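Heads up: the structure comes next, in structure tokens.
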Amino acid sequence: MRILYNLGMILLDGLMKIGSKRSAKLKLAVDGRKNTFEAVKSFRKASPSPLAWFHVASLGEYLQAKPVIAAFKKEYPLWGVAVSFFSPSGYEQAIKKKQEWVDFMCYLPIDTPHNADRFVDLLSPDMVFFVKYDLWANTIMAIKQRKIPLYLVAASFRKEQVYFSWYGKFFKDILLRFDHIFVQNQVSKELLDHVGVKNISITGDPRFDNVYKTSLSPKLFPEIEQGIVQKVMVLGSVWQEDMNNLIPFINQSKDIQFIVAPHDIDREIIENWQKAITLPSVKYSEYKNQEQPQAWKVLVIDNIGMLSSLYQFAHWAYIGGAMGKGLHNILEPLAFGIPVLHGPLKKVSKFPEAGISRQYGCGFPVKNRSEIISLIAKLSQEADYEKACMAAKKLVGDNLGSADNTMAIIKKER
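Going by our numbering, the sequence shown opens with residue -8, and the numbers climb by one from there.
Okay, here's the thing in structure tokens:
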């Protein structure tokens, strides 16, 4: 199996290079890896202090890592922190500005044996954290061959994953190499127990810590607040599949203002949505440059980085993705104590926060426009609305402290 895995890595590298000629995202991923080894070498030459290395797949996993990084720095303030990304959607967003507590960021090289050995030797970490699920076999083996402490944090497993299949021994062995695995829920722990993984702790999802912190001090947008004259519904990370149901709802909603944040900031997509929306709409880039910003009915966010703070204006939120590739972050609006709607999920196990929010009474799956209309009507009733808001606050409050609990266990074991 390892031979097949290594052949797969060579194939992945080749396909990414071929695809980079047509895909801007793949081009970023390929070009961004060209100077990784030199960048790591320069960083370690300038920063020889003890180093903790965190690896994440993309932006969502980085947001999970941030509270753990903060908790780590509280315990080990003199250590440096490096973060590696696999996907450009994480790295390219994070690199735009200085990240608190993080000293170095880079792409993880494609996981061939040679790349893994070279990367680990150059970075020379003293402690390593993988976040959630982005596990690369050769890199993990290189880490453990050098007897470096290795942890998996915020892990969430499902029974259909390869680790728990009859043919998954190679990948199960990768899990066995971690010194400690910190999981989000009981289901994950039971799955790991079943395949003989030891040293497992349930410490929850550190995203709750991150979104709660954002809710306490969101970015301020006075120009947006100035234009609010009705209750606001934020439509976050929405795709075309979501807007097929949401646009008719928007067009008939005379007493609601909408903030629309597309998942894909594409000018043509945004323009098509604006043409289909019969209510007056304006792009944020145009709105913010007005000398005297006017009241708006539909505000379309045509940049990245604002969404997590826009929920401060929301009475309700709808989070996109469930009708397409996968549900986006519903914890961000829940942290602001508001009810959240989203599309139907084929596999709730992939998004446990959706199932939990439904159990608490603050998350609501909807299949079509009529269900959106009836649910918003229900959540416009004061008693039902307050009940959902209290449920959202309780859900977030009940799940705080994951990062601190994780670090407390690590410190005790060291």
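Glycine included, every Cβ here is placed at the ideal spot set by N, Cα and C. As the structure is a prediction and not an experimental result, all values here were calculated from the model.
Taken atom to atom, the span from the alpha-carbon of ILE193 to that of ARG349 is near 21 Å. Taking C-beta atoms as the reference points, VAL251 and ILE292 count as a pair closer than 8 Å.
The three-state reading of DSSP puts VAL273 in strand, counting E and B together. By the CB criterion at 8 Å, PRO79 and LYS160 fall outside the cutoff. Proximity of the stretch 169 to 181 to the stretch 146 to 158 meets the contact definition, three or more beta-carbon pairs being nearer than 8 Å. For ASN320, there are no CB contacts under 6 Å within the same chain when 5 residues up- and downstream are skipped. Here DSSP, grouped into helix, strand and coil, assigns GLY187 to coil.
PRO330 and LEU143 have their alpha carbons spaced roughly 31 Å apart.
In this structure the stretch 280 to 288 lies against the stretch 215 to 228, because at least three pairs of beta carbons, one per stretch, are closer than 8 Å. The residue from GLU83, LYS88, ASN129, MET118 with its alpha-carbon nearest to that of PRO100 is ASN129. The stretch 27 to 59 is shown to contain whole alpha helix (DSSP H) runs of 4 or more residues at 27 to 37, in chain order. Under the three-state reduction of DSSP, PHE155 is assigned to helix. For MET398, the secondary structure class from DSSP, reduced to helix, strand or coil, is helix.
Boundaries of the alpha helix (DSSP H) harbouring PRO104: 104 to 114, taken from the DSSP string. Minimum Cα-Cα distance from SER361 among the listed residues PRO239, VAL229, ARG137 corresponds to PRO239. Counting the other Cβ atoms within 10 Å of the Cβ of THR27 gives 16 or more, which makes it buried.
If you check the CB distance, LYS279 and GLU214 come in under 8 Å. The alpha-carbon separation between TRP70 and LYS89 amounts to approximately 17 Å. The residue among LYS65, LYS36, PRO39, ALA30 with its C-alpha nearest the C-alpha of SER75 is ALA30.
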